[in-house]
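Residue numbers (full-length UniProt numbering): 1 to 254. Positions of the beta carbon are idealized from the N, C-alpha and C atoms, including for glycine. In this text the structure is predicted, and so the values were computed from the model without any measurement. Written below as structure tokens is the structure these notes are about.
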């Protein structure tokens with residue numbers, strides 16, 4: 001039941017995003033990334049559902065440097081919990097990105113990225129994704145910011161059993177939305193749909209961040225990960241939907 005509700009939530013978010021873009025695209029404005037170093041470092045607790053039903057330690061870090069129309073950045077997210085020496089949760093996701101913006105209105109940009117994803121409970125030992133996306137900033141106001149992206153690339157899947165590694169082409173569409181609800185408080189939503197021959201991966205990450213004092217903030221977020229299909233064996237049947245509900249203390253720089 002929880003998996004169905006999570007998948008329904010993803011569908012509602014995608015439909016709402018499409019309606020929002022249709023109604024607000026005319027309000028798009030020029031908005032280039034701010035120059036210099038920007039980032040956040042976070043640590044806290046995460047509660048997961050799916051195969052692993054437990055509370056784990058969580059770390060989420062982001063760092064970006066912008067020079068002119070070029071931006072270089074990286075993201076890292078890590079969840080870990082073990083009981084009696086056996087890992088119940090062990091997930092590491094890291095992404096490196098290079099972005100080239102163009103002086104147009106709405107702002108257009110191209111993003112090249114490399115992603116590494118290791119999760120013991122999705123049927124893969126780990127996989128790499130190399131992607132090139134083209135995007136546009138369709139809404140850029142004092143309170144709202146919305147980017148849309150689409151592109152393609154390749155993914156290399158590695159399995160925990162003796163199964164051979166698999167290379168496959170992938171296509172991707174993504175949305176990044178930020179709404180400044182109040183001074184010091186903002187809502188964010190990242191939605192990504194990546195399609196491949198082995199199945200489609202839908203990821204939705206929603207969060208609310210509130211500034212506590214100076215550069216310290218508290219962030220509550222929920223990540224829903226849904227695979228239309230997963231590798232399985234006679235001994236293990238992996239859950240196609242996993243959620244991570246996280247509460248982190250965040251330190252901002254820049």
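Pair within 8 Å by beta-carbon distance, residue i and residue j
i, j, result
"residue 60", "residue 49", "no"
"residue 167", "residue 150", "no"
"residue 67", "residue 43", "no"
"residue 193", "residue 200", "yes"
"residue 94", "residue 75", "yes"
"residue 39", "residue 63", "yes"
"residue 170", "residue 140", "no"
Assumed close pair residue i, residue j - CB separation to whole angstroms, cut-off 8 Å
i, j, result
"residue 122", "residue 230", "6 Å"
"residue 128", "residue 142", "Between residue 142 and residue 128 the Cβ distance is about 39 Å, and since that is not below 8 Å, they are no contact."
"residue 126", "residue 158", "5 Å"
"residue 56", "residue 81", "4 Å"
"residue 215", "residue 252", "5 Å"
"residue 90", "residue 58", "Not confirmed; about 12 Å, so no contact."
"residue 72", "residue 98", "6 Å"
"residue 293", "residue 161", "There is no way to answer for residue 293, as the model of the chain reaches only from 1 to 254."
Residues sharing a beta bridge with residue i, DSSP
i, result
"residue 146", "139, 177"
"residue 71", "66, 99"
"residue 165", "According to DSSP, which records beta bridges pairwise, residue 165 is partnered with nothing at all."
"residue 172", "151, 194"
"residue 91", "79, 119"
"residue 201", "194, 227"
"residue 134", "110, 150"
"residue 262", "There is no way to answer for residue 262, as the model of the chain reaches only from 1 to 254."
"residue 186", "180, 209"
"residue 43", "59, 249"
"residue 36", "66"
"residue 128", "116, 156"
Exercise for review: Check whether the segment 237-254 touches the segment 206-226, taking contact to mean three or more Cβ pairs, one atom from each stretch, closer than 8 Å.
Suggested key: yes
Practice item. Pick out the complete alpha helix (DSSP H) segments inside the segment 216-250, 4 residues or longer, and give them in chain order. Key: none
Review point. Does the segment 145-154 come close enough to the segment 174-181 to have 3 or more Cβ pairs within less than 8 Å?
Key: yes
Check your understanding: Three or more beta-carbon pairs under 8 Å between the segment 107-115 and the segment 132-144, yes or no?
Key -> yes
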